[in-house]
Amino acid sequence: MNIGIRMHDLAQGTLEERTGYAKAQGFSCVHLATSKVIGPEYMEPAVVSPGLAAYLTRALQGLEVAVLGCYLNLAHPDEAVYRAMVPKYVAHLQLCRWMNAGVVGTETGNPNAECSYDPTQSHTEAALDLFIERLRPVVDAAEKIGAVMAIEPAYHHIVSDGRRARKVLDAFRSPNLKIIFDPVNMLHPDNLHRRDVVIEEAIDLLGEDIAVIHLKDYHAQPDKLVACACGTGEMTYDAVLRFAKTRKPHIQMTLENTIPTNAEAARLLLERIAADL
Numbered sequence: 000m001n002i003g004i005r006m007h008d009l010a011q012g013t014l015e016e017r018t019g020y021a022k023a024q025g026f027s028c029v030h031l032a033t034s035k036v037i038g039p040e041y042m043e044p045a046v047v048s049p050g051l052a053a054y055l056t057r058a059l060q061g062l063e064v065a066v067l068g069c070y071l072n073l074a075h076p077d078e079a080v081y082r083a084m085v086p087k088y089v090a091h092l093q094l095c096r097w098m099n100a101g102v103v104g105t106e107t108g109n110p111n112a113e114c115s116y117d118p119t120q121s122h123t124e125a126a127l128d129l130f131i132e133r134l135r136p137v138v139d140a141a142e143k144i145g146a147v148m149a150i151e152p153a154y155h156h157i158v159s160d161g162r163r164a165r166k167v168l169d170a171f172r173s174p175n176l177k178i179i180f181d182p183v184n185m186l187h188p189d190n191l192h193r194r195d196v197v198i199e200e201a202i203d204l205l206g207e208d209i210a211v212i213h214l215k216d217y218h219a220q221p222d223k224l225v226a227c228a229c230g231t232g233e234m235t236y237d238a239v240l241r242f243a244k245t246r247k248p249h250i251q252m253t254l255e256n257t258i259p260t261n262a263e264a265a266r267l268l269l270e271r272i273a274a275d276l
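For the record, in the sequence shown the residue sitting at position 44 is 43 according to numbering that gives the first Met the number 0, with numbers rising by one throughout.
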């Protein structure tokens with residue numbers, strides 16, 4: 000198991016201090032959002048340079064970067080706002096290439112300025128077509144740079160399930176576009192009764208294109224799922240870990256929604272489950 004953690008879920012501190020915390024808790028890779036871990040200015044394209052890539056690599060002391068986070072709403076209705084986003088994705092792709100990181104990760108947003116889920120609009124074909132159109136220059140840049148862009152399907156976003164994610168992949172057929180698979184993100188009270196089917200369908204449709212796995216847990220409420228650390232909620236992991244173990248050896252899997260006091264326990268739980276499969 001190659002299990003890592005989001006760096007912004009670690010105890011507060013400098014990048015070097017957070018690296019120490021991650022290594023002390025036994026993690027081998029990280030999800031790094033520089034704007035959250037270092038400062039918001041690190042979202043700006045002008046900050047990116049080979050020197051920044053070299054600094055980050057030194058500061059991480061051998062920890063693999065599974066995901067370089069650039070989570071913006073590509074479906075924003077304001078064209079000017081969208082146009083300002085594209086250079087940020089391109090800069091992250093360049094940084095990813097210079098750092099030899101895994102992927103640049105993004106969610107798929109919603110067709111409104113607030114990026115909020117709209118049951119009447121978010122899951123329409125028009126929203127999906129818009130997202131594909133908006134993603135095209137980002138994937139083009141990934142191909143030119145030689146980096147990988149990865150989208151993360153989530154029920155509350157435009158790309159809400161395995162079928163819609165497959166449509167996006169098929170629209171590009173690019174080796175530079177992959178999937179971050181977060182099974183809990185694909186769940187909602189509306190489909191929770193089909194939880195295992197939803198997850199298995201996503202694995203069947205997307206398996207060959209899954210580059211990274213995100214792992215967390217949830218508590219179900221009538222109108223939403225509340226995310227929490229693995230082992231502290233209602234999620235089961237056999238299907239996901241069996242997929243990782245048998246079809247994706249050494250795949251990077253990063254924990255989400257942990258706190259410093261339960262992150263190591265979450266890692267150990269997943270390792271025990273996987274060992275018994």
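In this text, a Cβ means the ideal position worked out from N, Cα and C, and glycines have one as well.
Based on the DSSP secondary-structure assignment, which residues constitute the bridge partners of residue i?
i: Lys247; result: Answer is none; Lys247 lacks a bridge partner.
i: Glu106; result: Glu151
i: His30; result: Arg5 and Val66
i: Asp216; result: Cys227
i: Lys177; result: Ala149
i: Leu254; result: Ile4 and Leu214
i: Ile209; result: Ile178
In whole angstroms, what separates the C-alpha of residue i from that of residue j?
i: Arg82; j: Leu127; result: 18 angstroms
i: Tyr41; j: Lys87; result: 10 angstroms
i: Arg135; j: Lys215; result: 30 angstroms
i: Gln220; j: Pro188; result: 7 angstroms
i: Ala100; j: Val138; result: 17 angstroms
i: Trp97; j: Pro76; result: 32 angstroms
i: Leu310; j: Val239; result: Outside the displayed range of the chain (0 to 276) lies residue 310, so it cannot be described from this structure.
i: Arg165; j: Glu199; result: 14 angstroms
i: Ile144; j: His192; result: 42 angstroms
i: Thr260; j: Glu78; result: 43 angstroms
i: Lys177; j: Pro152; result: 11 angstroms
i: Glu63; j: Lys223; result: 33 angstroms
i: Phe180; j: Ile4; result: 15 angstroms
i: Leu71; j: Glu43; result: 13 angstroms
i: Pro237; j: Ile272; result: Inspection of the sequence shows that residue 237 is occupied by Asp rather than by Pro. Asp237 and Ile272: Cα-Cα distance of roughly 7 angstroms.
i: Val167; j: Asn175; result: 13 angstroms
i: Gln120; j: Pro110; result: 7 angstroms
i: Tyr116; j: Gly19; result: 37 angstroms
For residue i versus residue j, is the C-beta spacing smaller than 8 angstroms?
i: Val183; j: Met148; result: no
i: Ser27; j: Ile2; result: yes
i: Ala170; j: Ile131; result: yes
i: Leu129; j: Arg162; result: no
i: Glu270; j: Met0; result: yes
Residues in the same chain with beta-carbon distance under 7 angstroms from residue i, minus the five sequence neighbours each way, listed in chain order, please.
i: Val225; result: Tyr217 and His218
i: Glu106; result: Tyr70, Glu151, Ala153 and His156
i: Ala65; result: Gly3, Cys28, Val29, His30, Gly101, Val211, Gln251 and Thr253
Using a Cβ-Cβ cut-off of 8 angstroms (strictly less than) and excluding sequence neighbours within five positions of residue i, which residues of its own chain qualify?
i: Arg194; result: Leu186
i: Ala21; result: Gly3, Ile4, Met6, Leu9, Val29 and Leu62
Near residue i, what residues of its chain come up, given a Cβ to Cβ distance below 6 angstroms and the 5 sequence neighbours on each side ignored?
i: Phe242; result: Ile202
i: His122; result: Ser159
* With contact counted as at least three CB pairs below 8 angstroms, one residue from each stretch, are the region 10-22 and the region 241-256 in contact? -> no
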